[in-house]
Structures are given as structure tokens and as C-alpha cells.
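First up is the structure itself, then whatever we jot down about it.
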Amino acid sequence: MPYGGEDTQFRIEVLHDLQSSRFSTSVYYKDYFHLQPSYPVVNGKFSKKPTDFQVWVPFPNAAWTDRDTADEAITQALGFLGAH
Numbered sequence: 001m002p003y004g005g006e007d008t009q010f011r012i013e014v015l016h017d018l019q020s021s022r023f024s025t026s027v028y029y030k031d032y033f034h035l036q037p038s039y040p041v042v043n044g045k046f047s048k049k050p051t052d053f054q055v056w057v058p059f060p061n062a063a064w065t066d067r068d069t070a071d072e073a074i075t076q077a078l079g080f081l082g083a084h
């Protein structure tokens, strides 16, 4: 979905509080990195070429969600992200 002027892929995990029977969410975004693996080194040189990696990063601005059902918690999280 569009976020901050770019297309961003989000991951929303629903968390169930067994004591209160309420649902909340954790939100992550996918980030991409081009990295040089540092091992193994053969004769002082890297034996592998730089590679692209994808990582799920915790979304620092995710608002707190608290709902009766998992679907309601996802809907609330999507609303905070600006999804329609």
C-alpha cells in the first residue's frame, strides 16, 4: 500500500491476550538491503558476491490497537496505516 510516498509492504500480526480475551496487533514493514556476506573469506577475499536481502522491520509509528476480535484489530491497524 502507499505510505510516505512509496509503495510499502506491511505485515500485521494479531496478538491475543488470553487474560482479557482482547486482540492487539504488531506491525512490520519490508525493507531491502544489498549486503556483502563477510564469511567465508578465502585467501583474504570474500568468496560470496553481495546479495539482496529482505527483512521485516518493526514499524516504529504503529498505533496501539485493542479490539474484541482479530478481524477488528486488523481493521483498526489498517485504518491507522491509511488503508481504505
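Here the sequence shown stands for residues 1 to 84, where the numbers follow UniProt numbering.
Note that CB positions come from ideal geometry on N, CA and C, so glycine has one too.
Under the DSSP definition of a beta bridge, which residues are partnered with residue i?
i	result
glutamate 13	Ser26
tryptophan 3	Note that residue 3 is tyrosine in the sequence shown, not tryptophan. According to DSSP, tyrosine 3 bridges with Glu6.
So, residue i versus residue j, is the Cβ gap smaller than 7 Å?
i	j	result
aspartate 71	serine 24	no
tyrosine 32	glutamine 54	yes
lysine 48	proline 37	yes
Identify, in the order they occur along the chain, each residue of the same chain with its Cβ nearer than 8 Å to the Cβ of residue i, setting aside the five sequence neighbours on each side.
i	result
isoleucine 74	Ile12, Val14, Thr25
histidine 34	Pro50, Thr51, Asp52, Phe53
valine 57	Tyr28, Tyr29, Lys30, Asp31
From residue i to residue j, what does the alpha carbon distance come to, in whole angstroms?
i	j	result
glutamine 17	aspartate 68	Inspection of the sequence shows that residue 17 is occupied by aspartate rather than by glutamine. If you take the alpha carbons of aspartate 17 and aspartate 68, they lie about 10 Å apart.
tyrosine 3	leucine 81	8 Å
Enumerate in chain order the residues of its own chain whose CB-to-CB distance from residue i is below 7 Å, with the five nearest sequence positions on each side excluded.
i	result
threonine 8	Met1, Tyr29
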